[in-house]
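Asker: Let me begin by handing over the structure; questions about it come next.
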């Protein structure tokens, strides 16, 4: 690299070929052809294929029209995500601040391992497990009978109980992950700040709100946005719980479930393309935010280094 | 470090501290129980007979473990053994390909100076967060055109381009791979590709282990893309079997067998996780530093 006579640059190009060749063939081309689909009338009905015929942006206007109303599925996704995310960020912050509190000296190892465990479990299997647990004759339904008026509550026939169970699974799968992320962030805060706060007589909640929160704000924003992007992709759990989304008037059908529905069951490739483009735009906008937060931070770090 | 501070007003503080510790242990233990409870129910019901399960939950294990296991394995339409094998082949291949080629790509960006380097690096960071589902339609159509549905290739080969794995490897190299090692290898007359394979990969072993596990697990648990690519029963992966059980009228099923099928899909990963948990949790924290 630093040699004058030999240039190693060609090796740089050679080594990135597999990655980018695969990316272009298996990601970029499909993405472009997905975009192209969104501009055509193209669907199958009773085994007959219609199109592809160029129709410009009509798929988009139909998706947002009253009879299709894609906004409904966006709201479903957002509501279920929010129902999981609020407790997730609350408890993750609480646990991360406890785990990193030097005065409390908690033994944390086993808790971290247990809290993270649901994250490695197959989401589809989690969905199936919770479905069997909260089913009419399921063990949880039986255990909750004293609280549901002595009868087996129909968890999967009510909008909010169904959404609550999906959100609960999301919460269980992600709070451990977020706790560990936030712990890493809090551990990165200069410990002398906590020491001087203690000497000044600050109580734990003052330390938390006035030191921890402002200093880990970049990671909090990062957690929020990456969780939003993850929420946008929500599919496995509600798909299994609601048996392809139809349960309770599609009130728990998420965007990706709707996309899958249009691809596999509706066989409307024009719609599916348009849904993909909308999802892409939202995800790309959120990704840009993450990207700028990260590069902002790198810049600050570099400036600090110069000093 | 904390001792001199604790000495300030120790008498009044120590009781408050004790109360806070007790409260936090109680809350943490409650959450640990909540996290483990579904798995407890699963493990118990895996050992019980279907009729027993229908009658209500009991915390005592039954004697049907082996029978339930045999029942699952003998259901021809579930093809559980084939699903286990398929899931394993796909996940192991993805873990290997993804970590190797992402490391190679990260190495190229880390070590060499070339014109497109900065552009490529920025590009990968920008696409890192874009979900794969948004290109699924075009992907499935293309695989149809190429006659690659009901084939593992579309589930394995794309893992070569894994931006998140690349990013982790790049971070790891920044902290653990000094360029002097590469220079020294060059002086000794070692070829560039051999340097990577025989000198660099051993240094990256911890990163390979962490990423290998993560990729294996996410591929093992992947449901969306396999559902679009595979429909032959003998090619199904585990999540597709779970979906099959859910889609059929499952109330008519042997419930012990349903719990057993769920157990078979998650227990291998759970065991690997528990054995390597310290390692994995350090890996997540390492990934978190990027934020």
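Residue numbers (my numbering), protein chains in the order written: chain A, 1456 to 1762; chain B, 7 to 297.
For each residue, glycine too, the CB sits at the ideal point set by N, CA and C.
Shorter than 8 Å from the beta carbon of residue 1513/A to some beta carbon of chain B?
Answerer: Along the first chain, one-based indexing puts residue 1513/A at 58. Output row for residue 1513/A: interface = no.
Asker: Less than 8 Å between CB atoms is the rule here; does residue 1467/A satisfy it with respect to chain B?
Answerer: Taking the first chain and counting its residues from 1, the one referred to as residue 1467/A is at position 12. Yes, contact with chain B.
Asker: Which residues in chain A sit within 8 Å of residue 152/B, going by Cβ to Cβ distance?
Answerer: As a first step, residue 152/B must be located in the second chain, where it is residue number 146. Residues of chain A passing the Cβ test: none, with the nearest at roughly 10 Å.
Asker: Please confirm if residue 1691/A has its CB atom under 8 Å from at least one CB of chain B.
Answerer: Here residue 1691/A refers to the residue found at position 236 of the first chain. Closer than 8 Å: yes.
Asker: Could you name the residues of chain B that residue 1482/A contacts, counting a contact when the two beta carbons are closer than 9 Å?
Answerer: Sequence index remark: in the first chain, residue 1482/A carries index 27 (1-based). The answer, in chain order, is 133, 136, 138, 141, 145, 164 and 167.
Asker: Counting contacts by CB-CB distance shorter than 8 Å, is residue 174/B in contact with chain A?
Answerer: To locate residue 174/B, count along the second chain from 1; it is residue 168. No, residue 174/B does not count as interfacial toward chain A.
Asker: Starting from residue 1650/A, trace the alpha helix (DSSP H) both ways and give me its first and last residue.
Answerer: Working through the first chain from its first residue, we reach residue 1650/A at position 195. Element bounds for residue 1650/A: 1646 to 1654.
Asker: As a quick exercise: from 1476/A, 1584/A, 1664/A and 1470/A, pick the residue whose alpha carbon is nearest that of residue 52/B.
Answerer: Start at 1 with the first residue of the second chain, and residue 52/B comes out as number 46. If we check each option's Cα against that of residue 52/B, 1584/A comes out closest.
Asker: Which residue comes first and which comes last in the alpha helix (DSSP H) that contains residue 171/B?
Answerer: Reading the second chain from its first residue, position 165 is the one you call residue 171/B. Note, residue 171/B: alpha helix (DSSP H), 169 to 182.
Asker: Counting only Cβ-Cβ distances shorter than 9 Å, please list the residues of the stretch 67 to 87 of chain B near chain A, keeping chain order.
Answerer: Correct list: empty, as no residue qualifies.
Asker: Can you look up residue 1697/A in the DSSP assignment and give me helix, strand or coil?
Answerer: For the purposes of this step, residue 1697/A is taken as the residue at position 242 of the first chain. Residue 1697/A: coil per DSSP, three-state reduction.
Asker: Is the distance from the Cβ of residue 1530/A to the Cβ of residue 1692/A below 8 Å?
Answerer: As a working mapping, residue 1530/A is identified with position 75 in the first chain. As a working mapping, residue 1692/A is identified with position 237 in the first chain. Going by C-beta atoms, residue 1530/A is not nearer than 8 Å to residue 1692/A.
Asker: So, for residue 233/B: in the same chain, excluding its five sequence neighbours on each side, which residues have a beta-carbon less than 8 Å away from its beta-carbon?
Answerer: For this step, residue 233/B is matched to residue 227 along the second chain. For residue 233/B, where only same-chain residues beyond five positions count, the Cβ hits under 8 Å are 245, 246 and 249.
Asker: Where does residue 164/B sit, in a helix, a strand or coil, going by DSSP?
Answerer: Position 158 of the second chain, counted from the start, is the residue given in the question as residue 164/B. Looking at residue 164/B - three-state DSSP - the assignment turns out to be helix.
Asker: For chain B, is any of its Cβ atoms less than 8 Å away from the one on residue 1724/A?
Answerer: Stepping through the first chain from its first residue, residue 1724/A is reached at position 269. Yes, residue 1724/A lies at the interface with chain B (some Cβ there is under 8 Å from its Cβ).
Asker: Using a Cβ cut-off of 8 Å (strictly closer), state whether residue 1592/A contacts chain B.
Answerer: Taking the first residue of the first chain as position 1, residue 1592/A is located at position 137. Taking Cβ atoms only, chain B reaches closer than 8 Å to residue 1592/A, which makes this a yes.
Asker: Thinking residue 1674/A and residue 1623/A are a contact (beta carbons under 8 Å), I'd like their distance in whole angstroms, please.
Answerer: As a first step, residue 1674/A must be located in the first chain, where it is residue number 219. As a first step, residue 1623/A must be located in the first chain, where it is residue number 168. That belief does not hold up - the Cβ atoms of residue 1674/A and residue 1623/A are roughly 25 Å apart, past 8 Å.
Asker: Between residue 1486/A and the rest of its own chain, which residues show a CB-CB distance below 7 Å, the 5 nearest in sequence each way excluded?
Answerer: Sequence index remark: in the first chain, residue 1486/A carries index 31 (1-based). Excluding residues within five positions, none has a Cβ falling inside 7 Å.
Asker: Find the residues of chain A that neighbour residue 95/B, judging by a C-beta separation of less than 7 Å, and give them in chain order.
Answerer: Taking the second chain and counting its residues from 1, the one referred to as residue 95/B is at position 89. The contacting residues do not exist; residue 95/B stays about 17 Å from chain A at best.
Asker: What does residue 1688/A touch in chain B if you count any residue whose Cβ is under 8 Å from its own?
Answerer: As a working note, residue 1688/A is residue 233 in the first chain. Near residue 1688/A (Cβ distances below 8 Å), the residues of chain B are 137 and 139.
Asker: At the 8 Å Cβ level, is residue 1530/A part of the contact set with chain B, yes or no?
Answerer: Indexing the first chain from 1 puts residue 1530/A at position 75. Output row for residue 1530/A: interface = no.
Asker: Touch check for the stretch 101 to 118 of chain B and the stretch 164 to 173 of chain B: three-plus C-beta pairs under 8 Å?
Answerer: A contact exists between the stretch 101 to 118 of chain B and the stretch 164 to 173 of chain B.
Asker: Thinking just about the alpha-carbon of each residue, which of 1560/A, 1627/A and 1491/A is nearest to the one in residue 1545/A?
Answerer: Along the first chain, read from residue 1 onward, the residue named residue 1545/A stands at position 90. When only C-alpha atoms are compared, the closest one is 1627/A.
Asker: For a test of the three-state rule: what should DSSP assign to residue 1528/A, helix, strand or coil?
Answerer: In the first chain, the residue the question calls residue 1528/A occupies position 73. Three-state result, residue 1528/A: helix.
Asker: Tell me which residue opens and which closes the beta strand (DSSP E) that residue 69/B is part of.
Answerer: Position 63 of the second chain holds residue 69/B. First-last for residue 69/B: undefined, no H or E at that position.
Asker: With 7 Å as the limit, tell me which residues of the stretch 1565 to 1582 of chain A have their beta carbon closer than that to any beta carbon of chain B; keep them in chain order.
Answerer: The stretch 1565 to 1582 of chain A vs chain B, Cβ under 7 Å: 1566, 1567, 1568, 1569, 1570, 1571, 1572, 1573, 1575, 1576, 1577, 1578, 1579 and 1580.
Asker: Looking only at its own chain, which residues have a Cβ that is under 8 Å from the Cβ of residue 1519/A, when we skip the five neighbours before and after it?
Answerer: If you number the first chain from 1, residue 1519/A lands on position 64. So the list reads 1525 and 1526, once near-sequence residues are dropped.
Asker: Is residue 217/B close to chain A? Criterion is C-beta to C-beta, closer than 8 Å.
Answerer: Working through the second chain from its first residue, we reach residue 217/B at position 211. Answer no: the Cβ-Cβ gap between residue 217/B and chain A never drops below 8 Å.
Asker: Got a sec, what are the start and stop residues for the alpha helix (DSSP H) residue 1706/A sits in?
Answerer: Mapped onto the first chain, residue 1706/A falls at position 251. Careful: residue 1706/A lies outside any alpha helix (DSSP H) and carries neither H nor E.
Asker: Under a three-way DSSP split, which group does residue 1522/A fall into?
Answerer: Reading the first chain from its first residue, position 67 is the one you call residue 1522/A. Looking at residue 1522/A - three-state DSSP - the assignment turns out to be coil, as it is neither helix nor strand.
Asker: Name the chain A residues whose beta carbon is nearer than 8 Å to that of residue 21/B?
Answerer: Position 15 of the second chain holds residue 21/B. In chain order: nothing, as chain A lies at least about 13 Å away.
Asker: Enumerate, from N- to C-terminal direction, the unbroken alpha helix (DSSP H) stretches of 4 or more residues contained entirely within the stretch 1544 to 1627 of chain A.
Answerer: With a minimum length of 4 residues, the continuous alpha helix (DSSP H) runs that stay inside the stretch 1544 to 1627 of chain A are 1564 to 1575, 1578 to 1589 and 1594 to 1598.
Asker: Can you list, in chain order, the residues of its chain with a C-beta nearer than 8 Å to that of residue 1557/A? Leave out the 5 residues immediately preceding and following it.
Answerer: For the purposes of this step, residue 1557/A is taken as residue 102 along the first chain, with counting starting at 1. Excluding sequence neighbours, residue 1557/A sits near 1646 and 1649.
Asker: Roughly how many angstroms lie between the CA atoms of residue 263/B and residue 80/B, to the nearest whole one?
Answerer: Residue 263/B sits at position 257 when you count from the first residue of the second chain. Residue 80/B sits at position 74 when you count from the first residue of the second chain. Going by the C-alpha atoms only, they are around 10 Å apart.
Asker: Can you give me, in chain order, the residues of the stretch 170 to 204 of chain B that have a beta carbon less than 9 Å from any beta carbon in chain A?
Answerer: Within the stretch 170 to 204 of chain B, the qualifying residues are 172, 185, 188, 189, 192, 198, 199 and 202.
Asker: Strictly by DSSP, which residues pair up with residue 1504/A?
Answerer: As a first step, residue 1504/A must be located in the first chain, where it is residue number 49. DSSP output for residue 1504/A lists 1499/A as bridge partner(s).
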